[in-house]
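Residue numbers (full-length UniProt numbering): 1 to 200.
Comments concern the structure below.
Have a look at this one:
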C-alpha cells in the first residue's frame, strides 16, 4: 500500500529541506512549487491568462514570468492575490492529481505531496497523513528576511498570504519542529519513517 503524505510548512520554515530528505531516501516528491512554475512557463495558457490580467509588465524581456514583479503586486493586494490563485490553482491541482495517479501505479511505499498551501487549498483531502514543518513566527520572519533579502514589511506581507504556522500545526497529524539544529530536525524525519516502516 502507498502512503500519501501531505507535507507543508510556512515560508522559510524548512519544508523544502525536509522534502529534499524524503527525496534522498528515494521517495517520489510531487512539488507544488515546481508545478506552479511549469503551468506559467512561456507558451502556456497559464502565462497567457496572467498576462491578460496583470498586463505584459509582469514579463521579462524574453517573455518569461518575472516572479519578483508579480510578487510585489499580489503580496501587497489580497484581491489580486486571489485573482492569481483563481488562475493558477486549478492548473496546479490538475497536474498534481495527474502525477499522483501515475506514481501510484508503481506502488511506492510513500509519495510526498510538497504543498505550501496544503490546508488553505484543501490538498489534505487527497493525503493519508499530513505533516507540518514548524518554527515560531519570529524565527520564520527572521529566516525569510535573510533568505530572500526582504525588508520586514515585505516579509510580513508574504507570511500573511498563508495561514499562520500555529494554525497549520493544530491541523497536522505530524509536527516536525525545526527550531533547533538540522540534525535534530532530521532525527524527527527518521523517526517518522521508522514508525511507518518506511526506512530503506
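Don't be surprised by glycine CBs; every beta carbon is placed ideally from N, CA and C.
Owing to the predicted nature of the structure, the values given are computational and were not obtained by experimental measurement.
query: Residues near residue 84 in its chain [Cβ-Cβ closer than 6 Å; skip 5 each side]; result: 74
query: Candidates 124, 103, 107 and 109: closest to residue 115 by CA position; result: 124
query: Range covered by the beta strand (DSSP E) that runs through residue 6; result: 3-9
query: Span of the alpha helix (DSSP H), counted from its first residue to its last, around residue 141; result: 137-148
query: Proximity below 8 Å, CB of residue 139 to CB of residue 172; result: no
query: Exposure of residue 185, with buried meaning 16 or more beta-carbon neighbours within 10 Å; result: buried
query: Pick from 180, 112, 183 and 156 that is closest to residue 198, judged by C-alpha positions; result: 112
query: Contact check, residue 36 vs residue 144, beta carbons under 8 Å; result: no
query: Through-space distance from residue 1 to residue 149, alpha-carbon basis; result: 43 Å
query: Coil, strand or helix - residue 177 by DSSP; result: strand
query: Every unbroken beta strand (DSSP E) inside the region 107-131 [3 residues or more]; result: 110-114
query: Those residues which DSSP pairs with residue 133 across a bridge; result: 9 and 176
query: Span of the alpha helix (DSSP H), counted from its first residue to its last, around residue 92; result: 78-104
query: Sub-8 Å separation of residue 162 and residue 10 beta-carbons; result: yes
query: Spatially closest choice to residue 157 from 76, 23 and 118, by CA coordinates; result: 76
query: Check whether residue 174 and residue 134 have beta carbons under 8 Å apart; result: no
query: Nonlocal neighbours in the same chain, by C-beta distance under 6 Å from residue 99, ignoring five residues either side; result: 30
query: Span of the alpha helix (DSSP H), counted from its first residue to its last, around residue 31; result: Element bounds for residue 31: not the alpha helix (DSSP H) but the beta strand (DSSP E), 29-31.
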